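In my numbering, the protein residues as written are 459 to 662.
Dropping the structure here:
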């Protein structure tokens with residue numbers, strides 16, 4: 459029951475923060491919406507900022523956990539394309555777009571938010587990509603000097619950050635299945651030319 463209550467509180471808190479913003483949302487309002495006492499909120503989270511960070515992390519995990527647990531079998535290339543597309547699609551959902559302002563607020567108040575980082579939204583996605591790269595290097599004995607954390611972040615930007623910006627801000631890419639698939643395939647083909655362990659999976 460305690461775990462279920464915690465999830466319920468985080469769900470409600472996230473809704474309140476998205477609807478009213480960090481400054482507009484209050485612990486009292488969240489407590490009322492969640493049908494719990496303010497004392498319960500403070501005993502569990504300590505502060506509104508800590509509750510915000512927990513709620514955002516909860517929201518991110520809600521969308522990324524299914525992706526991490528359903529990576530298909532196949533080549534490294536296919537796995538990366540699958541995960542990149544799934545994360546891109548998730549990042550374009552209205553409720554995820556609503557997290558942007560909260561993540562930016564946390565970035566601007568990093569000292570107050572403790573261990574939270576400006577790229578907290580991206581780090582979870584990068585971790586999924588890095589797990590695929592690590593598995594590939596273990597399986598084929600590739601050059602261990604490759605900086606996999608840097609490569610994972612680079613691929614995340616190529617597969618998610620860039621097309622998301624092109625769709626939402628620059629309006630240069632259509633938010634359609636065909637347009638996104640074509641963009642990711644072309645991106646992968648370009649990147650694979652300089653990465654043998656991806657190029658060997660490339661038919662073109």
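Even glycine gets a Cβ: it sits at the ideal position worked out from N, Cα and C.
On a predicted model such as this, the values are computed, not experimentally measured, just so you know.
Is the CB-CB distance between residue i and residue j below 7 Å?
i, j, result
"residue 467", "residue 483", "no"
"residue 537", "residue 590", "yes"
"residue 664", "residue 609", "The displayed coordinates of the chain run from 459 to 662. Any statement about residue 664 would go beyond what the structure contains."
"residue 617", "residue 542", "yes"
"residue 526", "residue 587", "no"
"residue 481", "residue 496", "no"
Give the C-beta separation of residue i and residue j to the nearest angstrom, bearing in mind that I take them to be a contact with Cβ-Cβ under 8 Å.
i, j, result
"residue 530", "residue 520", "No, residue 530 and residue 520 are not in contact; Cβ-Cβ is about 21 Å, not under 8 Å."
"residue 614", "residue 584", "5 Å"
Within a Cβ cutoff of 8 Å, which residues of the same chain sit near residue i, ignoring the five residues on either side of it in sequence?
i, result
"residue 592", "606"
"residue 546", "617, 618, 621, 622, 638, 642"
"residue 516", "465, 468, 469, 472"
"residue 548", "521, 522, 525, 554"
Could you tell me if residue i is buried or exposed, where buried requires 16 or more neighbouring beta carbons within 10 angstroms of its beta carbon?
i, result
"residue 465", "exposed"
"residue 555", "exposed"
"residue 642", "buried"
"residue 574", "Residue placement at residue 574 is poorly supported in this model, since its pLDDT is 48, which falls under 50; the coordinates still yield a value, given next. Classification of residue 574: buried, given that the 10 Å Cβ count is 16 or more."
"residue 611", "buried"
"residue 522", "buried"
"residue 499", "buried"
"residue 477", "exposed"
If I measure Cβ to Cβ from residue i and keep anything under 7 Å in the same chain, skipping five residues before and after, which residues do I get?
i, result
"residue 475", "483, 510, 513, 560"
"residue 674", "Outside the shown range of the chain, which is 459 to 662, sits residue 674, and nothing can be said about it."
"residue 550", "622, 625, 633"
"residue 494", "467"
"residue 598", "655"
"residue 503", "509, 512"
Along the alpha helix (DSSP H) that carries residue i, what are the first and last residues, could you check?
i, result
"residue 529", "First-last for residue 529: undefined, no H or E at that position."
"residue 645", "635-650"
"residue 537", "534-549"
"residue 596", "578-598"
"residue 610", "606-614"
"residue 494", "That residue, residue 494, is in no alpha helix (DSSP H); it is neither H nor E in DSSP."
"residue 565", "557-566"
"residue 622", "620-626"
Go through its chain and collect everything with a Cβ distance to residue i's Cβ below 6 Å, but skip five positions before and after it.
i, result
"residue 488", "471, 474"
"residue 582", "518, 522"
"residue 563", "480"
Quick one: does the C-beta of residue i sit closer than 6 Å to a heavy atom of the ligand FMN?
i, result
"residue 485", "Annotation note on the ligand FMN: not contained in the displayed structure, which lists no ligands."
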